[in-house]
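Here the structure comes first, spelled out in structure tokens, and everything after it is commentary.
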Amino acid sequence: MKPFTYERVATPAEAAAAALKNPKARFIAGGTNLLDLMKLEIEVPPHLIDINRLGLDKIKETDQGGLRIGALVRNTDLAADRRVRKDYAVLSRALLSGASGQLRNKATTAGNLLQRTRCPYFYDPTMPCNKRAPGSGCSALQGFNRNLAILGTSDQCIATHPSDMAVAMRLLDATVETVHADGRTRAIPIASFHRLPGTTPHIETDLAPGELITAVVLPPPLGGTHIYRKVRDRASYAFALVSVAAVLQRDGTGRAAFGGLAHKPWRVEAAEARMAQGPKAVADAVLAGARTTPQNAFKTVLAERTLAAVFEQARA
Amino acid sequence: MKFDSPATTNPIDRLKVVGKPIDRIDGKLKTTGTAPYAYERNDVAPNAAYGYILGASIAKGRITSLDVSAAKRAPGVIAVVTYQNAGKLAKAKAHTARLLAGPEVQHFDQAVAIVVAETFEQARDASRRIKVRYAATKGAYDLAVAIKTAQKPAPNPDAGADKPDTAVGDFAGAFAKASVQLDETYTTPDQCHAMMEPHATTAAWEGDKLTVWTSNQMIAWAVRDLTETLLIPKENVRVISPYIGGGFGSKLWIRADALAAILGARAAGRPVKVALARTQIFNNTTHRPATIQRIRIGCGPDGRIAAIGHESWSGDLPGGGPETAANQTRLLYAGENRMTAHRLAVLDLPEGNAMRAPGEAPGLMALEIAMDELAEKLKIDPVELRIRNDVQYDPEAGPKRPFSHRDLIGCLRTGAQRFGWDKRSATPGRVRDGRWLVGLGMAAAFRNNISMTSAARVGIDRKGVVTVATDMTDIGTGSYTVIAQTAAEMMGVDVEKVVVLLGDSSFPASSGSGGQWGGNSASSGVYAACVKLREALARKAGFDPATAVFDDGKIRSGNKSATLAELAGDAGLSAEDTIEFEGLDKAYAQSTFGAHFVEAGVDAQTGEIRVRRMGGAFAAGRILNPKSARSQVIGAMTMGVGAALMEEAVVDKRYGCFINHDMAGYEVPVHADIPHQDVVFLDEVDDKSSPLKAKGVGELGICGVGAAVANAVYNACGVRVREYPITLDKILAGWAKV
Ligand SMILES: Cc1cc2nc3c(=O)[nH]c(=O)nc-3n(C[C@H](O)[C@H](O)[C@H](O)COP(=O)(O)OP(=O)(O)OC[C@H]3O[C@@H](n4cnc5c(N)ncnc54)[C@H](O)[C@@H]3O)c2cc1C
Ligand code: SF4
Chain A
1 MKPFTYERVA
11 TPAEAAAAAL
21 KNPKARFIAG
31 GTNLLDLMKL
41 EIEVPPHLID
51 INRLGLDKIK
61 ETDQGGLRIG
71 ALVRNTDLAA
81 DRRVRKDYAV
91 LSRALLSGAS
101 GQLRNKATTA
111 GNLLQRTRCP
121 YFYDPTMPCN
131 KRAPGSGCSA
141 LQGFNRNLAI
151 LGTSDQCIAT
161 HPSDMAVAMR
171 LLDATVETVH
181 ADGRTRAIPI
191 ASFHRLPGTT
201 PHIETDLAPG
211 ELITAVVLPP
221 PLGGTHIYRK
231 VRDRASYAFA
241 LVSVAAVLQR
251 DGTGRAAFGG
261 LAHKPWRVEA
271 AEARMAQGPK
281 AVADAVLAGA
291 RTTPQNAFKT
301 VLAERTLAAV
311 FEQARA
Chain B
317 MKFDSPATTN
327 PIDRLKVVGK
337 PIDRIDGKLK
347 TTGTAPYAYE
357 RNDVAPNAAY
367 GYILGASIAK
377 GRITSLDVSA
387 AKRAPGVIAV
397 VTYQNAGKLA
407 KAKAHTARLL
417 AGPEVQHFDQ
427 AVAIVVAETF
437 EQARDASRRI
447 KVRYAATKGA
457 YDLAVAIKTA
467 QKPAPNPDAG
477 ADKPDTAVGD
487 FAGAFAKASV
497 QLDETYTTPD
507 QCHAMMEPHA
517 TTAAWEGDKL
527 TVWTSNQMIA
537 WAVRDLTETL
547 LIPKENVRVI
557 SPYIGGGFGS
567 KLWIRADALA
577 AILGARAAGR
587 PVKVALARTQ
597 IFNNTTHRPA
607 TIQRIRIGCG
617 PDGRIAAIGH
627 ESWSGDLPGG
637 GPETAANQTR
647 LLYAGENRMT
657 AHRLAVLDLP
667 EGNAMRAPGE
677 APGLMALEIA
687 MDELAEKLKI
697 DPVELRIRND
707 VQYDPEAGPK
717 RPFSHRDLIG
727 CLRTGAQRFG
737 WDKRSATPGR
747 VRDGRWLVGL
757 GMAAAFRNNI
767 SMTSAARVGI
777 DRKGVVTVAT
787 DMTDIGTGSY
797 TVIAQTAAEM
807 MGVDVEKVVV
817 LLGDSSFPAS
827 SGSGGQWGGN
837 SASSGVYAAC
847 VKLREALARK
857 AGFDPATAVF
867 DDGKIRSGNK
877 SATLAELAGD
887 AGLSAEDTIE
897 FEGLDKAYAQ
907 STFGAHFVEA
917 GVDAQTGEIR
927 VRRMGGAFAA
937 GRILNPKSAR
947 SQVIGAMTMG
957 VGAALMEEAV
967 VDKRYGCFIN
977 HDMAGYEVPV
987 HADIPHQDVV
997 FLDEVDDKSS
1007 PLKAKGVGEL
1017 GICGVGAAVA
1027 NAVYNACGVR
1037 VREYPITLDK
1047 ILAGWAKV
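Protein chains in written order, with the numbering used here: chain A, 1 to 316; chain B, 317 to 1054.
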């Protein structure tokens, strides 16, 4: 870990000002991802801006009938919120399938969206990795890539986004609200929030340097049956090999988003039009263009089967 | 005391304290975080500076230049030690690779430099300012390729590998003639110990005297290895290790943390502590080597084995040893014609070495799937097939070398009955519970019983308090407790009246903890010392030591009695002795036995595998403490689930390292993976194993579990996976084939 300076801010405006002053600074929320990365010197911010006391830890109903989730709401609190459990159960279930109780107590809504990949080469600073050290090469392409991406990959990077929560947020069409270092605010649809690796795998989101997430807004509830199915090698405390977030309606329509397949939560709206034709039809459309390696080719089969399991569960 | 003839009735047989499920006496200290571990010895080594190890970023080659100047200038740095200024060091015989690299690098993450600083963060930061240039050379990292040039390894009796090969009768001929043949190859991956406490050491020099507080299973070996490494006399080294947060074989020898702390302390002129970061443990220390195992069994339609052959290939650094995965096949089943062979390839991966029942754990993962496959071919129940091939003597040596006590059949029957084995459908894929395909599987458990020389000193004071001192370690196994029970039984006092002091090289040298020999051997050493102390007390009381009875804090003879406290007097009394096992292990095969039963569920859509129920029956001589023994066995069964379903240190064959080197990448079972575990010990004593009539039990529990899981998975879903770990991608691939 490199030595760094630290300050605690009290308002979003102060946070923005601090970010403006220190262009290389990082915000620290729960710290459950950032500190691990700093210990390994994968992230080397010279300055940390502690945003835990911004008061952004509330969940409020919006005028439109949705929910505005403060950026600092802990994963545990979000999963347990009565309104979330009732109207956005898929989100609650996705959260509870992630990490461990202790981590969820610290992890925040914004931090979860911004957590970085679990590609093993990203985590070993002695190895080439375009995401960690742009231009150094991608060790995973020809290396251990069993749990890496099959959709939206590039020759530069095949990492996945490991979040469960983000898959549910994508399914629910959430919006990310931010404030720039210069005070401007904006709302980013979740679909365009995370980026594909392309030739710049080190740039993972649409956020500008110093831009602070203040809230994530959910549109009004969808109704239907909410399912989050996470498939992994052990029963708990593991990242998804494949996950499916789904809301299925009685009339056979619905939505499905996938985790563990790409650099971002993966949802193909056009595929959802085939919902009534069953899981295979949907999966075929979602997985079109998949590029697999011998180690992760199973993910195409697994994604289809997991979706089928979700359909079965919804019927049961 | 020599143990060279079977035990007769002795005070242990009273079983007033021994055999009782007494809580671990170190349990509260450990669960409340108050047991001081090696890294936390501020009480004895205040003012310790922090050391951090920089590891090699290549797997094989040479250091061509080392620039430590920036590190030395970094804030808080006290000293930087590399091979260039470490002074003369040698490789201890027990180590395959040196603990400090330079100029040659022998494996990835081999220690290259130690930075000592005022804080941990400063030391770690400075370590990354060291500039190392390497000239990498091509290494061998792929076992499947390297076995083509594998050799017959040199015998290494110390590592349980006294003979690489064995052969009896005419295996090839009998196998060729057998009407039912099984010939399959199985693989097990590299695995890491993943114990909770990382390797850690605090070291301090006073003049040329060295004290090392370290997390280590084998104190006497640690002294020996330090003496050999540092080229200093034994008298100058003291090793202290009273509490250990798990070792599983990775702490049988001193590792780089110890050397780094020692060299750092010498350079800094003050105590230094070093703990390996979790990410370093995988490549800097040892691991269980991967194996490729071919098993051939030939028999007639009745299932009686006529020919059994087990070959195992593994790899290690030059000068290393094999994983002795075929060893149990020499002893477990009958058969006139037999062969076993180990072949060793050169691999430039980190040093392979002992982990969680070396040999038998991976060996049975293969052999016991093979038996399941054979049972299926024969249409004989897997339990029955094993019963039919039971043998009461060492099948390589013949009837002249019987087992000291062998009740594998008892384990199989008891286990089967308790588990409800009769409900199993022999045809796979027949049982469904909601989304789950459900199957039952079983395997035999087998682990050799090893006994080791072990000494102890036992004293009694004027308050009647009995103090035991031995350099034995408690790695979470319950040594403190069974030793206290042994001393209490022998001296006729309450267990609360016994103080046990362990893990200090100034105490008599014990067996240490490893190979499941510790509990039985070390307690027998304590038994021997207690016999001597009883004699001294009896003589002092004027009683005949042979007939005097020790009970209730008193010694009695006829209607005369005296309290032990009075006899001890102000000066106290103490006695020291060593148990030496001689001959009985040659005359008798001594082993421990068991049977594992597993119910597994395989998700019919996704292929996810979850263990639903486990049961085991074990025969391992007298159980000194059923509670700590059960804890050992359920822990071992848990490790077996890990080995079956998830544990794999993945080799990056380009960089020559284990790439999933943290606990997020190297998965071990979590609570949610482990269902109820039913454990029963058969009520038995083995008079040929020790005066306590006990045997090893800790590692027995892991032996065979992996195969029982594999067999249950097969029974559930019809996919036979022969490459561990059994993960859902392999199940999906199997389904795709049918
Ligand atoms: C062992 C382990 C297992 C895990 N398993 C899972 C799992 O199974 N599923 C899963 O989904 N997750 C898992 N996680 C990840 C966990 O969910 C994330 O670490 C957590 O959500 C991050 O939140 P945080 O508040 O701690 O973020 P931090 O670590 O504080 O921050 C992460 C990043 O977000 C930035 N940031 C934080 N808040 C803001 C803001 N308001 N505006 C702008 N930038 C911001 C920080 O600068 C930093 O770059 C696991 C983590 C660990 C350590
Ligand atoms: S997949 Fe991405 S994160 Fe992984 S090594 Fe390649 S560039 Fe780095």
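Glycine is no exception: its CB is placed at the ideal position from the N, C-alpha and C atoms.
Since we're looking at a predicted model, the values are computed, not measured.
Check your understanding: From residue 408 of chain B to residue 624 of chain B, what distance separates their C-alpha atoms?
Key -> What you label residue 408 of chain B is simply residue 92 of the second sequence in a count that begins at 1. What you label residue 624 of chain B is simply residue 308 of the second sequence in a count that begins at 1. So the two alpha carbons sit approximately 38 Å from each other.
Practice item. Please confirm if the stretch 990-1007 of chain B is in contact with the stretch 925-933 of chain B, defined as three or more CB-CB distances below 8 Å between the two stretches. Key: At 8 Å Cβ cutoff, the stretches touch.
Point to revise | Sequence ranges, alpha helix (DSSP H) only - wholly within the stretch 466-534 of chain B, length at least 4 | key: Along the stretch 466-534 of chain B, the alpha helix (DSSP H) occurs as fully enclosed runs of 4 or more residues at 487-493, listed in sequence order.
Point to revise | Alpha-carbon to alpha-carbon, residue 983 of chain B and residue 457 of chain B | key: As a first step, residue 457 of chain B must be located in the second sequence, where it is residue number 141. As a first step, residue 983 of chain B must be located in the second sequence, where it is residue number 667. Taking the CA atoms as reference points, residue 457 of chain B sits about 22 Å from residue 983 of chain B.
Check your understanding: Which one of B:977, B:317, B:970 and B:1022 has the shortest CA to CA distance from residue 663 of chain B?
Key -> Locating residue 663 of chain B in the second sequence gives position 347, where the first residue counts as 1. For residue 663 of chain B, the nearest C-alpha among the options comes from B:970.
**Study point:** Spatial distance of residue 575 of chain B from residue 911 of chain B (CA atoms)
**Key:** Working through the second sequence from its first residue, we reach residue 575 of chain B at position 259. Working through the second sequence from its first residue, we reach residue 911 of chain B at position 595. About 42 Å.
Review point. Who are the near neighbours of residue 38 of chain A in its chain, counting only those whose CB is closer than 8 Å to its CB and skipping five residues on each side?
Key: As a first step, residue 38 of chain A is located in the first sequence; it is residue number 38 there, counting from the start. Within the same chain, residue 38 of chain A has close Cβ partners 1, 2, 4, 44 and 45.
Review point. Taking residue 87 of chain A as the reference, which of A:203, A:218 and A:264 has the closest Cα?
Key: Translated into the one-based positions of the first sequence, residue 87 of chain A becomes position 87. Out of A:203, A:218 and A:264, A:218 has the C-alpha closest to the C-alpha of residue 87 of chain A.
Practice item. Establish whether the CB of residue 596 of chain B and some CB of chain A are separated by less than 8 Å. Key: For the purposes of this step, residue 596 of chain B is taken as the residue at position 280 of the second sequence. Put simply, the CB of residue 596 of chain B is far from chain A, with every gap to its CB atoms at 8 Å or more.
Exercise for review: Return no unless some Cβ of chain B is closer than 8 Å to the Cβ of residue 55 of chain A.
Suggested key: Within the first sequence, numbered from 1, the residue matching residue 55 of chain A stands at position 55. It does not: the Cβ of residue 55 of chain A has no partner Cβ on chain B nearer than 8 Å.
Check your understanding: Would the C-beta of residue 144 of chain A count as close to ligand 2, meaning under 7 Å from any of its heavy atoms?
Key -> Residue 144 of chain A sits at position 144 when you count from the first residue of the first sequence. For residue 144 of chain A, the shortest C-beta to heavy atom distance toward ligand 2 is 7 Å or greater.
Practice item. Going by DSSP, name the residue or residues bridged to residue 266 of chain A. Key: Working through the first sequence from its first residue, we reach residue 266 of chain A at position 266. Answer is A:258, bridged to residue 266 of chain A.
Review point. Can you pull the DSSP bridge partners for residue 603 of chain B?
Key: Taking the first residue of the second sequence as 1, we reach residue 603 of chain B at position 287. Answer by DSSP bridge pairing, in chain order: B:668.
Review point. In chain A, what lies closer than 7 Å to residue 630 of chain B by C-beta?
Key: If you number the second sequence from 1, residue 630 of chain B lands on position 314. By Cβ distance, chain A contributes nothing, its closest Cβ being about 21 Å from residue 630 of chain B, past 7 Å.
Exercise for review: Mark residue 435 of chain B as exposed unless 16 or more other C-beta atoms lie within 10 angstroms of its C-beta, in which case mark it buried.
Suggested key: On the second sequence, position 119 is the one that residue 435 of chain B refers to. Exposed.
**Study point:** Check: residue 593 of chain B C-beta below 7 Å from any heavy atom of ligand 1
**Key:** The sequence position of residue 593 of chain B within the second sequence is 277, counting from 1. Residue side-chain check: residue 593 of chain B keeps its Cβ at 7 Å or more from all non-hydrogen atoms of ligand 1.
Review point. Taking 8 Å as the CB-CB limit, is residue 373 of chain B close to chain A?
Key: Within the second sequence, residue 373 of chain B is the residue found at index 57, counting from 1. Chain A contact via Cβ: present.
Check your understanding: Closest Cβ-Cβ distance between residue 90 of chain A and chain B: below 8 Å?
Key -> What you label residue 90 of chain A is simply residue 90 of the first sequence in a count that begins at 1. Judged by the 8 Å Cβ criterion, residue 90 of chain A is not in contact with chain B.
Practice item. Taking the CB atoms as reference points, tell me whether residue 819 of chain B and residue 787 of chain B lie closer together than 8 Å. Key: To locate residue 819 of chain B, count along the second sequence from 1; it is residue 503. To locate residue 787 of chain B, count along the second sequence from 1; it is residue 471. It is a contact, given that the beta carbons lie within the stated cut-off.
Exercise for review: Kindly provide the ranges of any beta strand (DSSP E) runs that are 3 or more residues long and lie completely inside the stretch 331-382 of chain B, ordered along the chain.
Suggested key: Listed in chain order, the complete beta strand (DSSP E) runs (minimum 3 residues) inside the stretch 331-382 of chain B are 365-371.
Point to revise | Cβ distance (whole Å) where residue 492 of chain B is taken to contact residue 611 of chain B below 8 Å | key: The residue you call residue 492 of chain B lines up with position 176 of the second sequence. The residue you call residue 611 of chain B lines up with position 295 of the second sequence. Actually they do not touch by this definition, with Cβ atoms about 16 Å apart.
Review point. Nearest to residue 720 of chain B by alpha carbon, out of B:1003, B:1020 and B:516?
Key: Taking the first residue of the second sequence as position 1, residue 720 of chain B is located at position 404. Comparing alpha-carbon positions, the option among B:1003, B:1020 and B:516 lying closest to residue 720 of chain B turns out to be B:1003.
Review point. So which residues of chain B does residue 234 of chain A contact, with C-beta pairs closer than 7 Å?
Key: Your numbering for residue 234 of chain A matches position 234 in the first sequence. Per Cβ cutoff of 7 Å: 962, 983, 985, 986 and 989.
Point to revise | Under 8 Å by beta carbon: chain A residues contacting residue 1043 of chain B | key: Position 727 of the second sequence, counted from the start, is the residue given in the question as residue 1043 of chain B. Per Cβ cutoff of 8 Å: 233.
Review point. In chain order, what residues of the same chain have a beta carbon less than 7 Å from the beta carbon of residue 605 of chain B, not counting five sequence neighbours either side?
Key: Stepping through the second sequence from its first residue, residue 605 of chain B is reached at position 289. Only 506, 630, 631, 632, 639 and 668 meet the Cβ criterion.
Practice item. Starting from the beta carbon of residue 922 of chain B, find every residue of chain A whose beta carbon is closer than 7 Å, and list them in chain order. Key: Along the second sequence, read from residue 1 onward, the residue named residue 922 of chain B stands at position 606. Here the neighbours are 231, 302, 305, 306 and 309.
Review point. Pairing CB atoms from the stretch 514-522 of chain B with CB atoms from the stretch 585-598 of chain B, are three or more of them under 8 Å?
Key: A contact between stretches requires three or more CB pairs, one per stretch, nearer than 8 Å, and the stretch 514-522 of chain B meets this requirement with the stretch 585-598 of chain B.
Check your understanding: Which one of B:789, B:869 and B:826 has the shortest CA to CA distance from residue 809 of chain B?
Key -> Along the second sequence, one-based indexing puts residue 809 of chain B at 493. When only C-alpha atoms are compared, the closest one is B:869.
**Study point:** Short CB-CB distance (under 8 Å) between residue 463 of chain B and chain A
**Key:** If you number the second sequence from 1, residue 463 of chain B lands on position 147. Not one chain A Cβ lies under 8 Å of residue 463 of chain B.
Exercise for review: Would you tell me roughly how many angstroms separate the C-alpha atoms of residue 889 of chain B and residue 849 of chain B, rounded to the nearest one?
Suggested key: For the purposes of this step, residue 889 of chain B is identified with residue 573 of the second sequence, where counting begins at 1. For the purposes of this step, residue 849 of chain B is identified with residue 533 of the second sequence, where counting begins at 1. Those two C-alpha atoms are separated by around 8 Å.
Review point. The beta strand (DSSP E) with residue 993 of chain B in it runs from where to where?
Key: By one-based count along the second sequence, residue 993 of chain B stands at place 677. Its beta strand (DSSP E) spans residues 993-997.
Point to revise | Selection from A:278, A:166 and A:152 that minimises the alpha carbon distance to residue 110 of chain A | key: Position 110 of the first sequence, counting from 1, holds the residue named residue 110 of chain A. Of the candidates A:278, A:166 and A:152, the one whose C-alpha sits nearest the C-alpha of residue 110 of chain A is A:166.
**Study point:** Test item: CB-CB of residue 879 of chain B and residue 775 of chain B under 8 Å
**Key:** Against the second sequence, residue 879 of chain B aligns to sequence position 563. Against the second sequence, residue 775 of chain B aligns to sequence position 459. Contact: no.
Point to revise | Within-8 Å CB hit, residue 237 of chain A to chain B | key: The residue labelled residue 237 of chain A in the question sits at position 237 within the first sequence. Nearest CB-CB separation between residue 237 of chain A and chain B: below the 8 Å threshold.
Check your understanding: Residue ranges of each alpha helix (DSSP H) run of no fewer than 4 residues wholly in the stretch 562-586 of chain B, ordered along the chain?
Key -> Segments of the alpha helix (DSSP H) lying fully in the stretch 562-586 of chain B: 572-584.
Review point. Considering only residues of the same chain and omitting the five flanking positions on each side of residue 185 of chain A, which have a CB-CB separation below 6 Å?
Key: In the first sequence, counting from the first residue as 1, residue 185 of chain A sits at position 185. Non-local beta-carbon contacts of residue 185 of chain A in its own chain, meaning distances under 6 Å to residues more than five positions away in sequence, involve 179 in chain order.
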